[in-house]
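**Q**
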Amino acid sequence: MAVSLENSVSALYNLLELTHERGTREIQLVAAQEEYVNPSRRFVAERVG
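Each residue of the sequence shown is one higher than the last, beginning at 6 in this note's numbering.
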């Protein structure tokens with residue numbers, strides 16, 4: 006489950022970052038498609054509590 010969370014958060018973050026960098030209000034789904042497979046920034050899940 007941790008790996009799925011890491012992959013999802015990493016892909017979403019990179020998608021939103023690319024959208025922000027391009028200065029557009031339209032989410033850049035197609036332009037960021039490589040980020041879903043090979044995220045440029047990865048997050049690591051940590052157990053809390």
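C-beta atoms are modelled at their ideal positions from N, C-alpha and C, and glycine is treated no differently.
Suppose you measure from the CA of residue 25 to the CA of residue 54; what does that come to, to the nearest Å?
**A** Looking up residue 25 in the sequence shown gives position 20. Looking up residue 54 in the sequence shown gives position 49. The alpha-carbon atoms of residue 25 and residue 54 are separated by roughly 33 angstroms.
**Q** Quick one: is residue 19 buried, meaning 16 or more other Cβ sit within 10 Å of its Cβ, or exposed?
**A** Indexing the sequence shown from 1 puts residue 19 at position 14. Residue 19 is buried by the Cβ-count criterion.
**Q** So, with DSSP's three-state summary, where would you put residue 13?
**A** Translated into the one-based positions of the sequence shown, residue 13 becomes position 8. If DSSP states are grouped into helix, strand and coil, residue 13 belongs with the helices.
**Q** Output needed for residue 46: all residues of its chain with C-beta closer than 8 angstroms, excluding positions within five of it in sequence on either side, in chain order.
**A** Taking the sequence shown and counting its residues from 1, the one referred to as residue 46 is at position 41. Correct list, in chain order: 15, 18, 19, 22.
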